[in-house]
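Notes follow once the structure below has been shown.
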Amino acid sequence: MENISVLNHPIIKRDLTILRDKSTDTYFFRSALHRISSILAFEISKDFNTDEYEVETPLEKTTGYKLSDEIVIVPVLRAGLSMVNSFLEIIPEAKVGHIGIQRNEITLEPMDYYYKTPPNIHNSLTILVDPMLATGGSSSAALTYLKNRGAKNCIFACLVAAPQGVTRISKDHPDVKIYTAVIDRTLNEKGYILPGLGDAGDRTFGTL
Ligand code: PRP
Ligand code: URA
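For my numbering, count along the sequence shown from 1 and bump the result up by 5.
The following block contains the structure:
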């Protein structure tokens, strides 16, 4: 059984259409991606636990709440960077790690080139973010790196998922819940998601 939550939201549907449209320029692409990521962060945070503590208003004492878990947001470079600020707006107390992984465009196998995460990752809730879950090779490798460095409680947030990637993550990391804005139809022979939105990194950073 796949551990996945697919968001159903009119603003997400509208903004995914902007991302899919090949005529969307970098500016509008980034702003649509930012809005979808904010809704994703908001929805994911509905599942967070809170602890109560006493807070004093200007008038009296009352019950306040704080997040129970330390949160670490980990973008997969490059494209994952585009989701970080949206997540930080909803969870400003979060720390940020980075994992550099690039798909080899011939073999589609992930290659790592950078890793840096906060030291307390072992007792944090780690949110891996990458807009695209295609074959699942990059995100599965990233989750393995995180777990090897001590992360115990991980979730994965993406925007567009292919069924093949969902199956891969569910098989390799059955403990990791996936949150996605949409599940697309399939992959093409080059590992691109169909209908998809093209290369998320290139379209975000204008490197087409
Ligand atoms: C893209 C995307 C994911 C990966 C998804 O990154 O951002 O990290 O591909 O594909 P997969 O599920 O088949 O591994 P890419 O390798 O193009 O690097 P970039 O972010 O630097 O463009
Ligand atoms: N990476 C992307 O950016 N887009 C795809 O469709 C697949 C992988």
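All C-beta atoms, glycine included, are put in the ideal place defined by N, C-alpha and C. Since the structure is predicted, the reported quantities are computational estimates derived from the model, not experimental observations.
Is it buried or exposed for residue i, if we count other Cβ within 10 angstroms and need 16 for buried?
i           : result
residue 127 : exposed
residue 60  : exposed
residue 41  : buried
residue 124 : exposed
residue 104 : buried
State the DSSP-derived secondary structure class of residue i, mapped to helix, strand or coil.
i           : result
residue 128 : helix
residue 15  : helix
residue 96  : coil
residue 197 : coil
residue 204 : coil
residue 212 : coil
residue 62  : coil
residue 48  : helix
Comparing alpha-carbon positions, which option in the options lies nearest residue i?
i           : options            : result
residue 49  : 138, 173, 9        : 9
residue 38  : 22, 28, 99, 53     : 22
residue 178 : 204, 197, 147, 129 : 147
residue 213 : 188, 30, 12, 79    : 30
residue 52  : 90, 184, 209       : 184
residue 144 : 83, 64, 54, 20     : 83
Task: In chain order, each beta strand (DSSP E) run of at least 3 residues that lies wholly inside the segment 101–189 - done: 103–108, 115–121, 129–134, 158–166, 182–188
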